[in-house]
Each structure stands twice: as C-alpha cells, then as structure tokens.
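> Respectively, the protein sequence lines represent chains H and R. In this text, residue positions in the first sequence follow the working numbering: the first is 39, and each later residue adds one. In this text, residue positions in the second sequence follow the working numbering: the first is 6, and each later residue adds one. Where is the CB? At the ideal position from N, CA and C, for every residue including glycine. Here it is, the structure in full.
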Amino acid sequence: MAIPVIDARNLRKTYRVGGQEIRALDGIDVRVEAGELIAVTGASGSGKSTLMQVLGCLDHPDGGEYFLDGEEVAKLSGDRLASIRNRKIGFVFQGFHLLPRLTARENVELPLVYAGVANPRPAAEAALERVGLSDRMNNESNQLSGGQRQRVAVARALVGSPALILADEPTGNLDSRTGAEILALFHALNAEGRTIVIVTHDPEVAKFGRRRIHVSDGKVIPEDFVAKRESTRFAASLNPELAGSP
Amino acid sequence: MMFRMLAKVGLNALLANKLRTFLAVLGIIIGVAAVISMLALGAGTRDSILRRVSSMGADLLIVRPGQAGRRGIMSGTAQTMTTDDALAVAAEIPGVRLVSPVVSGGQQLKYYNKNTFTQVYGVASSYLAIRNFEIAHGRNFNDFETERLARVAVLGPTTAENLFGKDEPVGETVKIKGVNYLVIGVLKGKGDQGWSDPDDQALVPFSTAMKQILGVNRIREIDVLSDGAEGGNARVAAAIEALLRDRHRIPANAENDFNVRDQSEIIDMAASFGTTLTILLGSLGGISLLVGGIGIMNIMLVTVAERTREIGLRKAIGARERDILTQFLFESILVSGCGGALGVLLGVGVALAIPALARLGGSDFSTLVEADSILLALGVSVGVGVFFGYYPAKRAARLDPVEALRYE
C-alpha cells in the first residue's frame with residue numbers, strides 16, 4: 039500500500055491566553071491517502087485553524103507525530119519547515135495572497151524561484167493553462183477579478199507538483215458562482231490524482247469533500263461515509279464535465 | 006532569475022510610495038554630499054596651509070634668542086644674538102646655503118601726504134632667497150649697500166600700494182623716522198599667511214636698520230637656509246646649536262639662551278593639523294550620513310509592517326529566512342546606493358561651488374575632491390544600507406508565517 043500523504047497521530051497543541059490554557063489540538067489523528075479530497079470542518083474556535091496550520095507545516099505541534107508524504111515533520115521548525123512547505127504543500131488561501139504588481143505568471147513562478155528552479159517559466163505557464171488562465175498570464179494580479187485571482191493562487195499551489203494541496207476557506211472571499219467554479223476546479227484536479235484538503239466552516243463547501251473530518255474542541259468527530267456519495271452528486275451537479283468520476 | 010525577481014519586487018515596492026522613498030534617498034544624498042564636500046574642504050584647506058607654509062621655505066631654520074621653555078618659545082627673555090653669530094653660522098657650518106640676520110620693528114613710512122604703519126625688516130641681501138620672496142620690479146639691495154649703510158628699501162606690494170597707489174614706487178623716496186630712503190624694488194605678492202602679512206613690509210639692509218632706524222646692536226633672529234640634503238635640517242640645527250653654545254659660553258649643564266626652529270617641523274605640524282581638520286569635517290558629514298541611515302531604517306520598518314502579509318505568503322510557499330532577509334536588505338541597499346551615487350554628484354558640485362561662494366563673500370576657501378573620498382562615501386553609504394537595513398530585514402525574516410498571514 040502506498041504511503042499516506044498525511045499520517046498524523048495524537049497531535050497536541052496548547053495555547054495560553056491570559057493564564058487560561060486552550061487545547062487547540064487535543065490528541066488528533068488524521069490520515070489522508072494519496073488522491074483523496076477531504077473537507078476539514080468545524081466551528082470557529084474548534085481547533086480547525088490550528089489543525090490547518092500544523093498540517094500545512096506553518097507551525098509545529100507541541101506533541102504527537104506527523105508524517106507528511108513519508109517525512110517526519112512534527113519536530114522541524116524555521117527554514118526546515120519552509121523547505122518542506124516549498125516541496126510538499128501548495129497553499130490556497132481565503133484572501134488569495136497574490137503579490138501586487140507582479141504578473142500572474144510571476145506569482146505562479148514564485149514557489150519555483152524559492153525552490154531554486156533555474157527556468158520556472160514553462161511550468162508556471164502550464165499551471166496557468168491548467169486553471170484556464172493562459173490568456174491572462176501577463177496581467178498584473180490587481181487587474182484580475184476575484185475568481186481569476188483565486189485561479190492564479192490555485193495554479194501557484196499546483197505548480198511545484200506538491201504531495202498536498204491545502205486550501206483554507208478558498209471560497210470565502212468569492213461570490214457563490216465563482217466559489218462553485220473554484221470548487222469544481224478542485225474536484226477536477228482531484229480527479230487527476232491530486233490530494234486536496236479543504237478547510238472550511240461552510241457546510242455547503244464541506245459537502246463537496248469526498249470525505250469529511252469534523253473538528254470540535256480540539257478533537258476529531260468521526261463521520262460515516264454516507265457523505266462521500268452525497269459530495270459526488272453535489273460536485274457532478276455543479277459541473278459534470280469537470281467533475282469526472284469518483 | 007532570482008536577481009531579476011528581487012530587482013523587480015524591490016523597485017516596485019520602492020516606487021509604490023515614491024515620496025517616502027525619495028525622502029529616504031534624500032537623507033542619504035545629503036549625508037553623502039556632506040561627507041564629500043566636507044572632506045574636500047578639509048583636504049583643500051590642508052593643501053593651502055601646506056602651500057603657504059612651504060612658501061616660507063621648507064629648508065628654512067630660524068634661530069631666535071630666548072629659551073625653548075615648557076610652554077613653547079619664550080622670546081625676548083635675553084637679547085643675546087649678534088650679527089657676528091650670523092656670520093659665524095654662515096662661515097663655519099657645513100650644509101648651510103644662505104644666512105641672514107633679521108631685526109625688525111614697526112615704523113611709520115611717509116610719502117608726501119600719505120603714510121602707512123608697517124614692519125620694517127633689517128635683513129641681508131640673501132633674505133629674499135631664504136624666504137622665497139621675488140622682486141616684482143626694481144631690484145634687491147646688494148652687499149655693498151649693506152656694508153655702507155645705504156638708505157635703500159624694498160617694499161612689499163601692499164605697502165607700496167598704500168603709499169603710491171598705482172604710481173611707480175621704484176626711484177621715489179619714502180621717509181622713515183624723518184630720513185629719506187630710496188625705493189629700489191617691490192616684492193611680488195605671496196598672499197596672506199594668516200598670522201602675518203608678508204605683502205605688507207619694508208626691507209632695508211640690516212646694518213642700516215640697526216644703526217639708523219631701530220638703534221639696536223642685537224638681532225632678533227638668524228634665518229638659515231640649508232642645502233636641502235636628506236636629514237640635513239636636523240644636522241644643521243644641531244651644528245648651529247653647538248656653535249652658538251660655544252660662542253655664548255654656555256656651561257654644559259645650562260639651557261640654551263636661543264632656540265633653533267626647523268621649518269620642516271612646522272610643515273609636519275601643519276600637515277597633521279590639516280589631517281585632523283579633514284577628519285573633523287568628515288565626521289561632521291558622517292553624522293548627517295548616520296541620520297540618513299536612521300531614515301532608511303525608519304522606512305524599512307514601515308515597509309516591513311506594511312508588507313507583513315506578503316512576507317507571510319512568501320514564507321508559506323517556501324521562502325527561507327535568508328530569502329526574506331536578502332529581499333529587504335536588497336531594498337535598503339538600493340535606497341542607500343542610489344542616495345550614495347546622487348550624493349556624490351551633489352557633493353562634488355558643492356565642493357566646486359564652495360570656493361566660488363567664499364570668494365563672493367570675500368573669504369578664501371579651497372576644496373579638493375579626492376578619489377578616495379568618493380569611494381569612501383560610496384562604500385559607507387552602501388554600508389549604511391546594510392547596517393540600518395539589517396534590523397528591519399531580520400525582523401521581516403523572523404516573522405511567524407501564521408501571524409503574518411493573518412495580519413490585517
């Protein structure tokens with residue numbers, strides 16, 4: 039059997055706010071196999087954001103083990119984590135986080151530049167083509183619409199062919215139609231074999247995952263697999279062509 | 006590739022807020038210009054001091070009566086030197102080229118209804134050569150005139166102008182103490198030397214001056230010109246000291262009743278004074294460069310704060326601390342480097358303008374822009390960019406990506 043993309047066991051993270059201990063992660067186990075499309079849901083304050091940061095290697099847990107694509111990353115920090123993020127994770131954020139005054143292509147090139155790729159241009163152009171923006175490559179990011187910006191962000195996330203695409207409320211700043219387009223794009227990318235984790239508080243978006251991980255009080259609430267069929271139907275109704283077969 | 010990206014992002018960031026960037030660059034421009042112009046002023050002043058001091062003769066030794074006390078020279082404590090001492094120095098000491106006894110006193114010079122108060126120097130004919138004076142027109146007096154106490158005078162250009170205006174002085178007579186003196190020559194101007202004006206004086210044969218004007222039989226100084234051999238000045242000075250101690254019968258344990266001053270020492274002193282002045286002025290410029298650097302640090306801190314989200318994103322997609330550090334250091338060096346280059350231009354311009362402006366104001370300043378000072382200023386300005394950019398850049402590099410991404 040293939041190595042799981044995410045294999046996290048007993049993750050713990052505690053914050054101290056004003057003398058009060060908050061257990062943001064209270065012994066969470068997460069396992070994501072290659073090719074999965076997963077929605078992580080939970081209310082605000084549930085520990086969902088902390089889980090996203092830890093799984094995204096933006097922060098390290100206080101305790102527990104975390105193997106990302108077979109590499110132990112729980113105890114890494116600083117530049118070592120930056121390198122892991124660069125190679126293994128593509129981020130899509132709620133607020134797009136494109137660099138203004140750089141063109142779409144230059145934004146997409148950025149992860150490759152930090153990876154030390156000598157000529158990142160062809161890969162960046164291919165990624166932009168994949169998200170349907172081949173005619174917008176040389177536009178500066180502030181000349182693009184919200185939906186286009188998020189597509190650029192998706193292209194940036196997949197340009198380095200990372201093991202995991204981690205999307206944090208990717209539709210939060212979009213209207214429902216463009217939001218649905220972005221979700222359909224994720225679905226299509228997943229159909230091509232990409233492993234995608236979407237973190238959201240929105241149940242409509244969560245339905246879209248083929249599997250759901252629900253976080254509450256720093257713990258994972260198990261869910262049955264009925265949702266899987268639901269989500270496939272939901273995705274297919276959005277865009278049967280892009281959605282592909284589960 | 007990496008560099009192109011750095012340059013583009015850096016320039017974009019700096020151009021995004023043109024006024025702020027301009028003000029930071031301006032701080033460096035002013036600082037560098039101040040360093041360059043102050044160093045040029047220092048170097049120019051040092052050179053002109055050296056030129057003036059050297060114009061008195063680098064191989065000049067001056068023997069004066071009085072002891073060289075702890076607080077410098079105490080002249081006039083004992084008038085012990087005679088013209089015979091001067092003759093002995095000329096005759097007996099090897100390495101001596103020219104010798105002149107010197108007496109002097111302030112006197113009123115009259116020409117018809119005009120009169121001027123000036124220093125009258127009683128000297129030998131060799132004095133002009135010793136002190137680097139030249140005759141503008143007319144002639145110097147000769148040894149024959151000295152011997153027979155001739156009443157002849159050579160005037161400094163200022164003195165001549167005071168008495169004769171634009172008329173020709175040579176061939177006219179001036180009255181000193183009511184006695185007529187024939188003006189036989191006028192000196193070329195040397196320019197003010199600060200502590201005395203060599204252009205305002207009258208030279209007469211020392212014999213005439215001692216007997217008929219000043220009524221003295223001791224001399225004020227002996228001017229000696231050495232032959233300029235390497236280390237010759239010190240040898241000649243020692244020989245003069247030994248000779249005069251012998252002639253004045255000074256016991257072995259007593260102090261000299263005269264002192265020998267070596268002009269090359271004064272030149273060294275002037276040179277070191279000039280260097281000190283240059284350093285002082287350069288430091289003043291350096292302070293403004295420092296202030297400019299603080300300006301850079303200020304805008305870099307603001308820039309880092311404004312671009313927190315950008316930094317967060319960069320870190321999220323894999324930028325290491327070093328990458329972020331390089332990015333912001335690059336920007337601050339860009340600011341300080343541009344400021345440095347423009348500052349050099351402004352500084353050179355100011356250095357060229359100072360002498361012209363000073364002349365308008367009636368004073369005399371000279372400036373000298375040295376290639377070293379330009380390189381120094383450019384180097385320091387880039388250094389300022391690194392030094393004052395480092396802290397903000399380090400702060401950016403150390404940002405926690407989670408916090409930075411969330412920053413509003």
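Tell me which residues of the region 313 to 332 of chain R have at least one Cβ-Cβ distance to chain H shorter than 9 Å, keeping chain order.
Residues 314, 315, 317, 318, 319, 320, 321, 322, 323, 324, 325, 326, 327 and 328.
> By how many angstroms is the C-alpha of residue 404(R) removed from the C-alpha of residue 44(H)?
Taking the straight line joining both Cα atoms gives about 26 Å.
> Given a threshold of 16 other Cβ atoms within 10 Å of its Cβ, counted over all protein chains shown, does residue 169(H) qualify as buried or as exposed?
Burial call: buried.
> Pull the bridge partners of residue 263(R) from the DSSP assignment, please.
In DSSP, residue 263(R) forms a bridge with 70(R).
> May I have a chain-ordered list of the alpha helix (DSSP H) segments no shorter than 4 residues that lie completely inside the region 296 to 337 of chain R?
Within the region 296 to 337 of chain R, the complete alpha helix (DSSP H) runs of at least 4 residues are 313 to 321.
> Identify the contact partners of residue 17(R) in chain H, using a Cβ-Cβ distance below 7 Å as the criterion.
In chain order: 139.
> Report the three-state DSSP secondary structure of residue 172(H) (helix, strand or coil).
Note: residue 172(H) maps to helix in three-state DSSP.
> According to DSSP, is residue 117(H) helix, strand or coil?
In this structure, residue 117(H) counts as helix in the three-state DSSP scheme.
> Flag this pair as touching only if the region 147 to 165 of chain R and the region 206 to 217 of chain R have three or more C-beta atom pairs under 8 Å; answer yes or no.
They touch, by the three-pair rule.
> Classify residue 180(H) as buried or exposed, calling it buried when 16 or more other Cβ atoms lie within 10 Å of its own Cβ.
Exposed, since its Cβ has fewer than 16 Cβ neighbours within 10 Å.
> Is it buried or exposed for residue 74(H), if we count other Cβ within 10 angstroms and need 16 for buried?
That one is buried.
> Report yes or no: do the region 395 to 412 of chain R and the region 63 to 71 of chain R share at least 3 C-beta pairs separated by less than 8 Å?
The answer is no - the region 63 to 71 of chain R does not touch the region 395 to 412 of chain R, with fewer than three Cβ pairs under 8 Å.
> Quick one: does residue 47(H) have its CB under 8 Å from some CB of chain R?
Taking Cβ atoms only, chain R never reaches closer than 8 Å to residue 47(H), which makes this a no.
> At a Cβ threshold of 8 Å, is residue 407(R) touching chain H?
Chain H, which has a Cβ nearer than 8 Å to the Cβ of residue 407(R), makes this yes.
> Excluding the 5 residues preceding and the 5 following residue 187(R) in the sequence, name in chain order all residues of the same chain whose CB lies nearer than 6 Å to its CB.
So the qualifying residues of the chain are 157 and 178.
> Under 8 Å, Cβ to Cβ, is there at least one residue of chain R near residue 96(H)?
By this cut-off, residue 96(H) is an interface position.
> By how many angstroms is the C-alpha of residue 244(H) removed from the C-alpha of residue 264(H)?
Interpretation of residue 264(H) is limited by its pLDDT of 45, a score under 50 that renders its predicted location unreliable; no figure is taken from the coordinates.
> From the DSSP secondary-structure annotation, give me the bridge partner or partners of residue 138(H).
None; residue 138(H) has no bridge partner.
> Specify the secondary structure class of residue 225(H) as computed by DSSP and reduced to three states.
Residue state, collapsed to three classes: helix.
> Shorter than 7 Å, the distance from the beta carbon of residue 214(R) to the closest heavy atom of the ligand ZN, or not?
The model depicted lacks the ligand ZN and carries no ligand whatsoever.
> Kindly list, in the order they appear in chain H, the residues whose Cβ is closer than 8 Å to that of residue 410(R).
Per Cβ cutoff of 8 Å: 96, 131 and 135.
> Suppose you measure from the CA of residue 181(R) to the CA of residue 217(R); what does that come to, to the nearest Å?
Each residue's Cα considered, the two are about 10 Å apart.
> Helix, strand or coil for residue 175(R)? Go by DSSP, reduced to three states.
Residue 175(R): coil per DSSP, three-state reduction.
> If we cut at 8 Å on Cβ distances, does residue 116(H) have a partner in chain R?
Interface residue, yes.
> Give me, in chain order, the residues of the same chain whose beta-carbon lies closer than 8 Å to that of residue 412(R); leave out the 5 immediate sequence neighbours on both sides.
The answer, listed in chain order, is 313, 314 and 317.
> Reducing DSSP to helix, strand and coil, say where residue 29(R) ends up.
Correct three-state label for residue 29(R): helix.
> So, is the C-beta of residue 58(H) closer than 8 Å to a C-beta in chain R?
Not closer than 8 Å to any Cβ of chain R, the Cβ of residue 58(H) fails to qualify, so no.
> With a threshold of 16 other CB atoms inside 10 Å of the CB of residue 231(R), please say whether the residue is buried or exposed.
Result: buried.
> In its own chain, which residues sit with a C-beta less than 7 Å from the C-beta of residue 250(R), not counting the 5 before and 5 after it?
Cβ within range, chain order: 261.
> So, residue 110(R) versus residue 128(R), is the Cβ gap smaller than 8 Å?
No; because the gap between Cβ atoms is not below 8 Å, this pair is not in contact.
> To which residues of the same chain is residue 106(H) closer than 6 Å at the C-beta, ignoring the five residues directly before and after it?
Answer for residue 106(H): 126, listed in chain order.
> Starting from the C-beta of residue 145(R), find all residues in its chain whose C-beta is less than 7 Å away, skip the five residues before and the five after it, and write them out in chain order.
Hits under 7 Å: 130, 133, 159 and 190.
> Just how far apart, CA to CA, sit residue 379(R) and residue 335(R)?
Their Cα atoms are separated by approximately 22 Å.
> Quick check on residue 250(H) - is its C-beta less than 8 Å from some C-beta in chain R?
Chain R, which has no Cβ nearer than 8 Å to the Cβ of residue 250(H), makes this no.
> Assuming residue 136(R) and residue 228(R) make a contact with CB atoms under 8 Å, what is their CB distance in whole Å?
About 7 Å separates the two Cβ atoms, so the contact holds.
> Just mark residue 75(R) as buried or exposed, buried being the case when its beta carbon has 16 or more other beta carbons within 10 Å.
Only weak support is given to the placement of residue 75(R): the predicted model assigns it a pLDDT of 44, under 50, and the question is left unresolved by the model.
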